[in-house]
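Last residue of the sequence shown? That's 226 in our numbering, and every number before it is there in order.
Glycine residues also receive a C-beta, built at the ideal position from the N, C-alpha and C atoms.
As the structure is a prediction and not an experimental result, all values here were calculated from the model.
Notes follow once the structure below has been shown.
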Amino acid sequence: MPDTRTRGQVQTRGGAGAVRETPLPWGKLSVLLAVRLTEPVGYTLILPFMYQMVGDFDIVRDSKDIAFYAGLLLTSYQFLRTLTIMHWGILSDRIGRRPVVLMGMLGDLLTFVLFGVSKSFGWALVARSLNGFFTGSGVVIKSIIAEISDDTNRGRMMAMFPLMWHLGSMLGGAIGGLLVDPVKNYPSLFGNSVLFREYPYLLPCLVGASISLFGLVVGYFQLEETL
0 MPDTRTRGQV QTRGGAGAVR ETPLPWGKLS VLLAVRLTEP VGYTLILPFM
50 YQMVGDFDIV RDSKDIAFYA GLLLTSYQFL RTLTIMHWGI LSDRIGRRPV
100 VLMGMLGDLL TFVLFGVSKS FGWALVARSL NGFFTGSGVV IKSIIAEISD
150 DTNRGRMMAM FPLMWHLGSM LGGAIGGLLV DPVKNYPSLF GNSVLFREYP
200 YLLPCLVGAS ISLFGLVVGY FQLEETL
């Protein structure tokens, strides 16, 4: 049987049917995994305190309204994500993968902070919608993986995507639950903080933004264009 060639790799098949597998490009892959981590963190970070936050807004007249408005916050994220995710992929085909991924990271960082300083439901809804708008980097990262892999290692690289989603989901939920309202929950550390007394939901959002900042910095210096 003739040799089967893949990108950057020759697979040789002997009598035993052995296939030589291309090693994973950990240098490039680790950058993509660091960037990928930010999206699930952003999705789950607000879940522990979302109902409490909505209850603090003037728009709520009755406790039964909280579930409705909290549902709108969750829906706005997914709605904008659904509307724009294909357009991010098309844009990356035109201007390159790297700038689209970096734009997503920057937008994620800014919308985290905007959500943390929300004092009204309208502000929170806009911030959450914009956060969903900037989550198109996930589909672009999958394109990058397809472009830096071959038939022998692509499956293993793609399998790391759900792993990072689950890790990021756990991390986001933990951050949101542990750091909300630090003035009340950690008075010895934050009892005198005017900033966190005024914005009790800002601290977890700042930590989430710092994770996005880490992904942005790593992507800026290490992410290579593959288009």
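- For L23, the three-state secondary structure derived from DSSP is coil.
- According to the DSSP assignment, T134 belongs to no alpha helix (DSSP H), since it is labelled neither H nor E.
- The stretch 139-155 and the stretch 85-98 touch, with no fewer than 3 CB-CB distances between them shorter than 8 angstroms.
- In the three-state scheme derived from DSSP, where H, G and I count as helix and E and B as strand, K118 is classed as coil.
- Considering only G54, L31, G26, Y219, the residue with the shortest C-alpha distance to Y200 is G54.
- For V179, no alpha helix (DSSP H) segment is defined, and its DSSP state is neither H nor E.
- Here Y200 carries a coil assignment [DSSP, helix/strand/coil].
- Judged by DSSP in its simplified three-state form, R155 adopts helix.
- Under the 10 Å beta carbon count, T110 is surrounded by 16 or more other beta carbons and is classified as buried.
- Using a Cβ-Cβ distance cut-off of 8 angstroms, the stretch 181-196 and the stretch 92-99 are not in contact, since fewer than three pairs of beta carbons, one from each stretch, lie closer than that value.
- A contact is defined here as three or more CB-CB pairs under 8 angstroms, and the stretch 161-172 meets this definition with respect to the stretch 28-39.
- For the set T21, V30, G137, I45, the Cα lying nearest the Cα of L205 is the one of I45.
- Nearest C-alpha to R127 among A33, R155, A66, Y42: Y42.
- Under the Cβ criterion (8 angstroms, minimum of three pairs), the stretch 61-74 does not count as touching the stretch 175-191.
- With respect to I147, L28 sits close: the two C-beta atoms are nearer than 9 angstroms.
- Distance from the Cα of F114 is smallest, within the candidate group L108, A123, T134, for A123.
- Here S119 is actually not in contact with F220; their C-beta atoms are around 38 angstroms apart, not less than 8 angstroms.
- Of the other Cβ atoms in all chains shown, 16 or more fall within 10 Å of the Cβ of D107; this residue is therefore buried.
- Linking F48 to F132 through their CA atoms gives a straight-line distance of about 22 angstroms.
- M157 and W25 have their C-alpha atoms roughly 13 angstroms apart.
- In this structure G135 is in contact with G103, their Cβ atoms being roughly 6 angstroms apart against a cut-off of 8 angstroms.
- Where F48 is concerned, there is no enclosing alpha helix (DSSP H), because DSSP gives it neither an H nor an E.
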